[in-house]
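Novice: In this text, residue positions in the sequence shown follow this note's numbering: the first is 6, and each later residue adds one. Got a structure for you, written out below as structure tokens; questions coming shortly.
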Amino acid sequence: MPHATPHTDTVTAELDSVLRGGPFHVALRAAIAARGLPLQRVQHHLSRHGVKVGVTSLSYWQQGARRPQRPESLRAVRALEEILQLPEESLIRLLADSGDQAPDRGPAGRSYRSLVEASGVLAGLLAELGVTRDSGLHTLAHHERVLIGAHRELAERESHHIVRAHRDGVDRFVAVHHGDPGSAPARMTVHALENCRTGRIRLQQDTGVLAAELLFDTRLRSGDTFLFRYAVEDGTAGVSREYVHGADSPGGQYALQVCFDARALPARCHRFAQHSAAAPRGGHQELAVSGLHRSVHLVEPRLRSGYVGIGWDWD
């Protein structure tokens, strides 16, 4: 019998914790991650149980953007308990406790982006571009500026990277943009703003993910530093309520600035952190919107692996 690794023990403990305390979407996401199943495989297993649920619906359920509510959806939840090897009634009980969440009639705001990791969508897009997660670049600093438009939508995201190559021959970077639920990657536009140009673009409509190749004008040698800047015009989804940044490994400085249109100011804002997809959110801190520039920000002097973000509430 294989021995459990510390990572496995941690994942199991986190899953046990969220199965006890919820909420439903976090528990579902943690269970899928713990079993290592892409959403396409989950959908396949459900179909073998005689239940039809789309990958998009599964994505929204584990985001918290929709809540299973229809009879067919509740049948799917019970089947998921068996497929994911969970205690009977564990997900159904959490679902009954989460009546204040959005029903499954439509997407709410932005939600947790780890669904892309679980579904294998991002890995598939990177494979199409012939790249791996190791880009050959180490991030020294990364500044993201997110613009929330007049209709409360995620209108644009601009990224400024300062990187160092850790191998010879690196001449590109793959930028990934995760749209809010209901977004349309085919209608997004990528702008190469400084020291790069746009190459191939791949997208996945159901999950709102766009991957864009940014080509450098030089081949870096190991140890070389480089800076580049790009932006993604979005504005294709509905009301946005948070922006989350995820990192697979520790990095350099990270700064996130969220700017609001004067016609759409939030009632309150806060920062948060989460060390894994299954872990509860912590590190909450209220953020005051600056009067002149209508923005809030956070700075991580040295980014840890996990997730950090800013959320906001509308009146």
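We put the CB at the ideal spot given by N, CA and C, even for glycine. Note that the structure is predicted; figures quoted are calculated from it, not measured.
#1: Which of the three DSSP states, helix, strand or coil, is assigned to L20?
#2: Could you pull out every residue in the same chain whose Cβ sits closer than 8 Å to the Cβ of G129, ignoring the five residues on either side in sequence?
#3: Which residues does DSSP list as the beta-bridge partners of R207?
#4: Thinking just about the alpha-carbon of each residue, which of D266, P76, G204 and T137 is nearest to the one in L219?
#5: So, helix, strand or coil for L270, using DSSP?
#6: Since V181 contacts L127 with CB under 8 Å, what's their CB separation in whole angstroms?
#7: Based on the DSSP secondary-structure assignment, which residues constitute the bridge partners of H165?
#8: With distances taken Cα to Cα, identify the nearest neighbour of R25 among H196, L96, T137 and L145.
#9: With E161 and V237 assumed to form a contact (beta carbons below 8 Å), what rounded beta-carbon distance in angstroms separates them?
#10: Any idea which residues DSSP pairs T194 with across the strands?
#11: Classify D173 as buried or exposed, calling it buried when 16 or more other Cβ atoms lie within 10 Å of its own Cβ.
#12: Starting from L374, trace the beta strand (DSSP E) in both directions and tell me its first and last residue.
#13: Which residues in the same chain as V294 place their Cβ atom closer than 8 Å to its Cβ, once the five residues preceding and following it in sequence are excluded?
#14: For R89 and A170, which I take to be in contact (beta-carbon distance under 8 Å), what is that distance rounded to the nearest angstrom?
#15: Ordered along the chain, which non-local residues of its own chain (more than five positions away) have a Cβ less than 6 Å from that of G256?
#16: Is the separation between the beta-carbon of G187 and that of A242 shorter than 8 Å?
#17: I'd like to check one pair, F233 with E199: are the Cβ atoms closer than 8 Å?
#18: According to DSSP, simplified to helix, strand and coil, what is A180?
#19: Just how far apart, CA to CA, sit K57 and S64?
#20: Below 8 Å, can you find three or more Cβ-Cβ pairs linking the stretch 191-198 to the stretch 308-317?
#21: Please state whether the Cβ-Cβ distance between F29 and L85 is less than 8 Å.
#22: Tell me the rounded alpha-carbon separation between I153 and G314.
#23: Tell me whether H171 sits in a helix, a strand or coil according to DSSP, three-state version.
#24: Give me the Cβ distance between L142 and A216, rounded to the nearest whole Å; I'm assuming they're in contact under 8 Å.
#25: So R72 packs on W319, CB below 8 Å; how close in whole Å?
#26: Could you tell me the distance, in whole angstroms, from the CA atom of W66 to the CA atom of V60?
#27: Given that a residue counts as buried once 16 or more other Cβ atoms are within 10 Å of its Cβ, and exposed if not, what is T212?
#28: Which residue wins for smallest C-alpha separation from H250, given the options L134, H280 and T223?
Specialist: Let me lay it out:
#1: Residue state, collapsed to three classes: helix.
#2: Correct list, in chain order: Q209.
#3: A216
#4: G204
#5: In the structure shown, L270 falls within a coil segment according to DSSP collapsed to helix, strand and coil.
#6: The Cβ separation is near 6 Å, so the contact holds.
#7: H148 and R234
#8: L96
#9: 7 Å
#10: The partner list for T194 (beta bridge, DSSP) reads E238.
#11: exposed
#12: Past the boundaries of the shown model lies residue 374; the chain is included only from 6 to 320, so the question cannot be answered.
#13: F265, L270, P271, C274, S300 and V301
#14: The sequence given here places Leu at residue 89; Arg does not occur at that position. Not really, about 41 Å apart at Cβ, beyond 8 Å.
#15: T144 and L308
#16: yes
#17: Result yes, Cβ atoms of E199 and F233 sit closer than 8 Å.
#18: strand
#19: 14 Å
#20: Output reads no: the stretch 308-317 does not touch the stretch 191-198.
#21: F29 places its beta carbon 8 Å or farther from that of L85.
#22: 15 Å
#23: It is coil, neither helix nor strand.
#24: Between L142 and A216 a beta carbon distance of about 16 Å is seen, past the 8 Å cut, so the two are scored as non-contacting.
#25: With 8 Å as the limit, R72 and W319 do not qualify as a contact, their Cβ atoms being about 20 Å apart.
#26: Roughly 10 Å separates the two Cα atoms.
#27: buried
#28: H280
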